[in-house]
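Heads up, the thing below is written out as structure tokens.
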Amino acid sequence: GNSVTQMEGPVTLSEEAFLTINCTYTATGYPSLFWYVQYPGEGLQLLLKATKADDKGSNKGFEATYRKETTSFHLEKGSVQVSDSAVYFCALSPYGGATNKLIFGTGTLLAVQP
Amino acid sequence: SQTIHQWPATLVQPVGSPLSLECTVEGTSNPNLYWYRQAAGRGLQLLFYSVGIGQISSEVPQNLSASRPQDRQFILSSKKLLLSDSGFYLCAWTRKGANGANVLTFGAGSRLTVL
Numbered sequence: 168g169n170s171v172t173q174m175e176g177p178v179t180l181s182e183e184a185f186l187t188i189n190c191t192y193t194a195t196g197y198p199s200l201f202w203y204v205q206y207p208g209e210g211l212q213l214l215l216k217a218t219k220a221d222d223k224g225s226n227k228g229f230e231a232t233y234r235k236e237t238t239s240f241h242l243e244k245g246s247v248q249v250s251d252s253a254v255y256f257c258a259l260s261p262y263g264g265a266t267n268k269l270i271f272g273t274g275t276l277l278a279v280q281p
Numbered sequence: 002s003q004t005i006h007q008w009p010a011t012l013v014q015p016v017g018s019p020l021s022l023e024c025t026v027e028g029t030s031n032p033n034l035y036w037y038r039q040a041a042g043r044g045l046q047l048l049f050y051s052v053g054i055g056q057i058s059s060e061v062p063q064n065l066s067a068s069r070p071q072d073r074q075f076i077l078s079s080k081k082l083l084l085s086d087s088g089f090y091l092c093a094w095t096r097k098g099a100n101g102a103n104v105l106t107f108g109a110g111s112r113l114t115v116l
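Protein chains in written order, with our numbering: chain A, 168 to 281; chain B, 2 to 116.
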């Protein structure tokens, strides 16, 4: 079946540090891949997405590349800020899924300290 | 532009009481609608989705039900709440088509505490 595996958190970094949050997936065919972010007490917001192999999604300094060969979609940012503290969710949507159901990972809490 | 509203934002209910959470979408028509639950310390679990009025699909057996009485309205209900129903409930919508590449847009969530 389809599934998403994320690295366990929390991840604690100092401001301006480099961030990587690992995400791997299991799916048939070519799913679309997403990163969502959830700030404290809020709903989820789309951070970035990629819909085919080798695509790179980017937004707000965050990047993730769709790697078909390693079934991965790792999230990276070169220099984190305190305002990046949030829970980050990796998700996939199976190709051809008329219902567009998203399958989420368990989320990774990022805490950035000044 | 499209907006999605959820209410109430916070709810504290006793065990055995009924529940009704409401979600409405504005600025679009014929959306797919979803209810997710986020339990403490866990990821998001898809509870229900709907592709049209009166069409509800349940993803997991549970104490909850969903209804879609109008095109842009999605309601989550329970006749008798359990302690395990506590959590953060998120409504979401998306356009149809695009072979799964559509983005889900989430509401702000409803936090339910069952005592």
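Think of the CB as a built atom: it goes at the ideal place given N, C-alpha and C, for glycine as much as any other residue.
Closest in alpha carbon position to TYR206(A), among VAL249(A), LYS216(A), LEU259(A) and ALA258(A), is VAL249(A). Residues of chain B with a Cβ closer than 7 Å to the Cβ of THR218(A) are, in chain order, ALA102. Between LEU20(B) and TRP36(B), the CB-CB gap reaches or exceeds 9 Å. Under the Cβ criterion of 9 Å, LYS235(A) is not counted among the residues facing chain B. Considering only LEU259(A), LYS244(A) and THR195(A), the residue with the shortest C-alpha distance to SER252(A) is LYS244(A).
Taking a C-beta distance under 9 Å as the contact criterion, ALA184(A) and VAL279(A) qualify as a contact pair. Within the segment 183 to 251 of chain A, the runs of beta strand (DSSP E) at least 3 residues long that lie entirely inside it are, in chain order, 186 to 188, 190 to 193, 199 to 205, 211 to 217, 223 to 226, 229 to 232 and 242 to 244. Chain-ordered, the chain A residues with CB closer than 7 Å to the CB of ARG43(B) read THR273. Distance from the CA atom of SER170(A) to the CA atom of LEU269(A), rounded to whole angstroms, is 10 Å.
Residue-level contact by beta carbon holds for SER260(A) and chain B, with a gap shorter than 9 Å. Of all residues in the segment 46 to 57 of chain B, only LEU47, TYR50 and VAL52 place a beta-carbon less than 7 Å from a beta-carbon of chain A. When Cβ-Cβ separations below 9 Å define contact, PHE256(A) makes contact with chain B. For LEU84(B), the secondary structure class from DSSP, reduced to helix, strand or coil, is helix. With 16 or more other Cβ atoms from the protein chains shown falling within 10 Å of its own Cβ, LEU105(B) counts as buried. In chain order, ASN267 make up the part of chain A whose C-beta sits under 8 Å from the C-beta of THR95(B). In this structure the segment 190 to 204 of chain A does not touch the segment 87 to 97 of chain B; the number of beta carbon pairs closer than 8 Å is below three.
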